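A.B. asks: Sharing a structure, written as structure tokens. Questions coming.
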Amino acid sequence: MILVTGATGALGTLIAEQLAGRDDTVLGTRDPQQPQTSLPVRRIDFDHPDTLITGFEGVNVLLMISAGYGEDDTVIARHDAAIDAAEKAGVEHVVYTSLTADGDHLPYALPHRWTERRLQESTLAWTILRNGLYAELLAWLAAPSADGRITAPLGKGRLAAVARADLADVAVRVAVEAPDHAGRVYELVGEQAIGGTDLAHAQGPHVTYEPETLAQARARIAASGAKPFQVPMLVGTYSAIAAGFMSRTGGDLRQLLSREPRSSLAAALA
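Here the numbering used here is used: the first residue of the sequence shown is 92, the next is one more, and so on.
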């Protein structure tokens, strides 16, 4: 049996849609009433470890989507509880959606690397999917204003963004074929690096890209009502892209898709 956690998130929803026709798959979410799906749903709440051992009963492959919404210690506690419960419940294999290696420059990398190490030291078989940043995230980080200005502190930096649907396709394949991928770490970044100027040009002559400073972005994000932990996360993402640390393309995406990846620019514009 395959169990997919985080089934109501953006990536989890895409994965659930692809697995909907299978009779060996269940979804896990903190609110079992929320998903609109034909698949069975179990309550899986990483913040309530008492739900996990029972929730993981009978599961062979756990597709563990990162529960990264929070401070580092919160995320680490969630992932530790999930892996501990998986070991106790007899789960055989965990497929974990981590962060690309170049993401070490991002402020939220530490819980991912901690979780990778925890899995590698566990009694479980494991596969690590080091996902690049979503093209859809870049579109949000550099969205044009009503008057057609993209204002973001990206400088001349570019991001090897990846379409979220491609990451869902890979996750499904690896979960279904889990034994073939045991002990593997896959780098899943896009084949096209895009920046603010690219996004502006793709949207037509009425859209311009006007870089701002990180200080200006920090003030703007703080004033938007973002949670305290989100401000450094977003500013740090801008900073890493602007400094050129997130532009490296390549990796294992094409091989695991067995086709050409979706255009990251098209995914951002969509």
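Note that the Cβ used here is the ideal one computed from N, Cα and C, for glycine as well.
All of these numbers come straight from a predicted model, not from anything done at the bench.
(1) In its own chain, which residues sit with a C-beta less than 6 angstroms from the C-beta of ASN222, not counting the 5 before and 5 after it?
(2) For ILE219, collect the residues of the same chain with a Cβ closer than 6 angstroms to its Cβ; drop the 5 residues on either side in sequence, then sort them by chain order.
(3) Between the beta-carbon of GLY103 and the beta-carbon of GLY112, is there less than 8 angstroms?
(4) Closest to ASP164 by CA distance: which of PHE336, ALA200, GLY146, HIS184 is it?
(5) If you drop the 5 nearest sequence neighbours on each side, which residues of the same chain put their C-beta closer than 7 angstroms to that of SER355?
(6) Within a Cβ cutoff of 7 angstroms, which residues of the same chain sit near PRO198, ignoring the five residues on either side of it in sequence?
(7) Please check the pair ILE120 and VAL132, which I expect to be a contact at CB under 8 angstroms, by giving their CB distance rounded to whole angstroms.
(8) Taking THR116 as the reference, which of GLU162, GLN124, LEU130 has the closest Cα?
(9) Within 10 Å of its beta-carbon, does ASP289 have 16 or more other beta-carbons around it, so buried, or fewer, so exposed?
(10) Just curious, the beta strand (DSSP E) that MET155 is in, first and last residue?
(11) According to the neighbour-count rule (16 or more other Cβ atoms, all chains shown, within 10 Å of its Cβ), is SER330 buried or exposed?
(12) I want to know whether the region 136-154 touches the region 172-186 - three or more CB-CB distances under 8 angstroms.
(13) Whose C-beta lies closer than 7 angstroms to the C-beta of LEU143 among residues of the same chain, with five residues either side of it excluded?
(14) Under a three-way DSSP split, which group does GLY181 fall into?
(15) For PRO302 and LEU224, I'd like the C-alpha separation in whole angstroms.
(16) For the region 314-323 against the region 236-251, do three or more pairs of beta-carbon atoms, one drawn from each stretch, fall closer than 8 angstroms, so that the two count as touching?
(17) Spatial neighbours of ASP195 within its chain, please: CB distance less than 8 angstroms, with the 5 preceding and 5 following residues excluded, ordered by chain position.
(18) Take the Cβ of ASP138 as the centre, count every other Cβ of all protein chains shown within 10 Å, and call the residue buried at 16 or more, exposed below.
(19) Using DSSP with H/G/I as helix, E/B as strand and the rest coil, what is SER330?
(20) Specify, as a first and last residue, the run of the beta strand (DSSP E) that PRO302 falls within.
(21) Give the range of the beta strand (DSSP E) segment to which THR116 is assigned.
(22) For GLU207, report the span of its beta strand (DSSP E) as first-last.
(23) Straight-line CA distance for GLY161 to ALA168?
(24) Residues in the same chain with beta-carbon distance under 8 angstroms from HIS272, minus the five sequence neighbours each way, listed in chain order, please.
(25) Do we get a CB-CB distance below 8 angstroms when we pair THR99 with the residues of chain B?
C.D. replies: On the basis of the supplied data:
(1) THR188, LEU258, LEU279
(2) Closer than 6 angstroms at Cβ, skipping near neighbours: TYR187, SER189, GLU207, VAL276.
(3) no
(4) ALA200
(5) ALA226, ALA252, VAL253, ALA254, GLY281, GLN283, ILE285
(6) Only PRO323, MET324, GLY327 meet the Cβ criterion.
(7) What sits at residue 120 in the sequence shown is Thr, not Ile. Confirmed, Cβ separation roughly 6 angstroms.
(8) LEU130
(9) buried
(10) 152-156
(11) buried
(12) yes
(13) ILE135, ALA172, ALA173, ALA176
(14) coil
(15) 20 angstroms
(16) no
(17) ARG204
(18) exposed
(19) helix
(20) 299-302
(21) 116-120
(22) First-last for GLU207: 200-211, but that is the alpha helix (DSSP H), not the beta strand (DSSP E).
(23) 11 angstroms
(24) VAL186, THR218, VAL265
(25) The displayed structure is made up of one protein chain only, and chain B is not part of it.
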